[in-house]
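**Q** Under my numbering, the first residue of the sequence shown carries the number 1, and numbering increases by one thereafter.
Cβ coordinates follow ideal geometry from the N, Cα and C atoms, glycine included.
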Amino acid sequence: MLMAWVTVWVLRVLMDHFPCYDLLSKLSSSWSPLIRRIFLLGTPTRLIINSIITSATFFDLLLRDDLMDLQLRLSVGRSRIIQYSFIDKLICAPFSLRAEEILALLNNIPATSRKYQFAMAMADKIMDGNFRDGHAELIQVNRTALSSAFERTLSLLSRSIQQPHASDDSGAWTSRLDKRQQLSGGVVYEGADDVVAEKLAQELLWITNKLRAYGAVDEAMMQWSFASALASLAFSANPRVQGYIVKISAILIGDLVGNKVEVSTEVKFRLLVLWIPLFCYANNGLSYPFLTSFEKIEVERAMDEAISTLPPMDQEVILINWLQDFTMCASDWPNLQVSYDRWCGGTRLLAQ
Numbered sequence: 001m002l003m004a005w006v007t008v009w010v011l012r013v014l015m016d017h018f019p020c021y022d023l024l025s026k027l028s029s030s031w032s033p034l035i036r037r038i039f040l041l042g043t044p045t046r047l048i049i050n051s052i053i054t055s056a057t058f059f060d061l062l063l064r065d066d067l068m069d070l071q072l073r074l075s076v077g078r079s080r081i082i083q084y085s086f087i088d089k090l091i092c093a094p095f096s097l098r099a100e101e102i103l104a105l106l107n108n109i110p111a112t113s114r115k116y117q118f119a120m121a122m123a124d125k126i127m128d129g130n131f132r133d134g135h136a137e138l139i140q141v142n143r144t145a146l147s148s149a150f151e152r153t154l155s156l157l158s159r160s161i162q163q164p165h166a167s168d169d170s171g172a173w174t175s176r177l178d179k180r181q182q183l184s185g186g187v188v189y190e191g192a193d194d195v196v197a198e199k200l201a202q203e204l205l206w207i208t209n210k211l212r213a214y215g216a217v218d219e220a221m222m223q224w225s226f227a228s229a230l231a232s233l234a235f236s237a238n239p240r241v242q243g244y245i246v247k248i249s250a251i252l253i254g255d256l257v258g259n260k261v262e263v264s265t266e267v268k269f270r271l272l273v274l275w276i277p278l279f280c281y282a283n284n285g286l287s288y289p290f291l292t293s294f295e296k297i298e299v300e301r302a303m304d305e306a307i308s309t310l311p312p313m314d315q316e317v318i319l320i321n322w323l324q325d326f327t328m329c330a331s332d333w334p335n336l337q338v339s340y341d342r343w344c345g346g347t348r349l350l351a352q
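(1) Drop a sphere of 10 angstroms on the beta-carbon of E300, count the other beta-carbons inside from all chains shown, and report buried for 16 or more, exposed for fewer.
(2) Beta carbon of F279: closer than 8 Å to some heavy atom of the ligand SAM?
(3) Given this structure, state the Cα-to-Cα distance separating M221 from C280, to the nearest angstrom.
(4) Return helix, strand or coil for A229, following the three-state DSSP convention.
(5) Of the residues V217, W275, D218 and A99, which one's Cα is nearest the Cα of S228?
(6) What three-state label does DSSP hand E262 in the structure shown?
(7) Counting pairs of Cβ atoms below 8 Å between the region 191-206 and the region 147-162, do you hit three or more?
(8) Counting only the same chain and skipping the five closest in sequence on each side, list residues whose C-beta sits under 8 Å from that of A216.
(9) Would you decide whether N283 is buried or exposed? Buried here means 16 or more other CB atoms lie within 10 Å of its CB.
(10) Rounded to whole angstroms, what's the CA-CA distance from K125 to W224? Just pull it up for me.
(11) Please check the pair L310 and K268, which I expect to be a contact at CB under 8 Å, by giving their CB distance rounded to whole angstroms.
(12) Can you have a look at G345 and say buried or exposed, based on whether 16 or more other CB atoms are within 10 angstroms of its CB?
(13) Going along the chain, which residues of its own chain have a beta-carbon closer than 7 Å to the beta-carbon of E298, five neighbours each way excluded?
(14) So what's S158 in DSSP terms, helix, strand or just coil?
(15) Is the beta carbon of I245 less than 9 Å from the beta carbon of A234?
(16) Could you work out which residue in D332, D304, L350 and Q352 is closest to Y340 when comparing CA atoms only?
(17) Taking C-alpha atoms, which residue in A104, A213 and P239 lies nearest to E139?
(18) Which residues bound the alpha helix (DSSP H) around C344?
(19) Grab the span of the alpha helix (DSSP H) containing W322 for me, first residue to last.
(20) Which class does W333 belong to by DSSP, given the choice of helix, strand or coil?
(21) For the candidate residues N130, D128 and S249, whose alpha-carbon lies nearest to that of L154?
(22) According to DSSP, simplified to helix, strand and coil, what is L256?
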């Protein structure tokens with residue numbers, strides 16, 4: 001603005017000494033009001049006029065270029081924001097495939113093979129790297145891969161207990177071992193199916209701990225709460241297999257309380273009503289206990305707290321079933337008498 005006023009005064013001084021009114025007829029209607037005002041006040045020579053017009057045009061072009069460049073950058077920025085999620089998925093897709101493939105291979109590799117530990121170490125390395133990166137998409141890769149592995153291993157474990165010596169994928173390597181022994185005249189290993197079931201139970205416990213470590217234990221809780229077939233088969237399972245199932249159930253029920261995880265009331269109810277009976281009848285280990293005395297106390301406390309958060313009707317179903325099982329079994333754990341007394345007291349208050 002200051003330069004414009006200086007230019008006006010310079011033009012007025014020049015006009016007093018060099019009048020040049022014939023230039024007014026040559027003004028273009030497309031010029032800006034500022035240029036017209038300058039000519040009305042008086043203009044010097046054509047050189048000054050051209051320099052002013054050239055400067056204004058150049059300034060307009062600069063403004064127009066800057067505006068176009070800004071619009072281009074904004075559009076590119078918006079397109080980048082839109083493309084980020086797609087690019088992230090493309091980048092994370094190989095990690096997802098690798099994690100899922102390695103976890104699937106674990107089900108088919110014999111636990112005695114040195115490649116089994118190699119595959120497990122590779123799975124640990126990939127998932128730990130994804131978690132340390134802190135990227136939301138990579139963390140979701142771990143969650144998806146482990147959830148899929150938990151579902152697959154749970155299904156294989158149920159089938160291995162239900163159908164001994166099955167010729168499915170879960171027992172492929174033991175089936176080949178049995179066939180070789182039969183062809184060579186050797187004695188068939190009677191417990192081959194138990195070996196498979198124990199291996200799968202160990203893998204399921206490992207996957208459960210991984211889901212807990214990566215903040216996705218709710219996936220295991222949801223699937224475990226609907227594993228009614230395995231809950232029934234676990235009563236007749238091999239004691240070692242049964243022990244791993246008890247361990248998984250204790251871990252998941254223990255995580256129900258506090259601020260560790262949030263699950264629906266249905267999942268909480270199904271976890272308790274399905275797996276408390278197994279706690280009553282299961283063997284706590286032959287050579288060593290699967291649950292220590294301290295762990296039993298903690299799980300019992302978690303069960304009591306979880307039951308107290310359920311509706312009275314759900315509490316009734318759980319506690320009536322527990323009372324029947326607890327009085328019939330030889331074990332003194334879990335003792336939910338505190339929960340039962342509290343429920344009875346609440347029922348009396350409702351009846352009044």
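**A** Reading from the atomic positions:
(1) buried
(2) Ligands in the displayed structure: none, and consequently the ligand SAM is not present.
(3) 20 Å
(4) helix
(5) W275
(6) coil
(7) yes
(8) N142, R143, L146 and S147
(9) exposed
(10) 26 Å
(11) 7 Å
(12) exposed
(13) G254
(14) helix
(15) yes
(16) D304
(17) Rather than Glu, the amino acid found at residue 139 in this sequence is Ile. Minimum Cα distance to I139 is reached at A213.
(18) Q337 to A351
(19) P312 to M328
(20) coil
(21) S249
(22) coil
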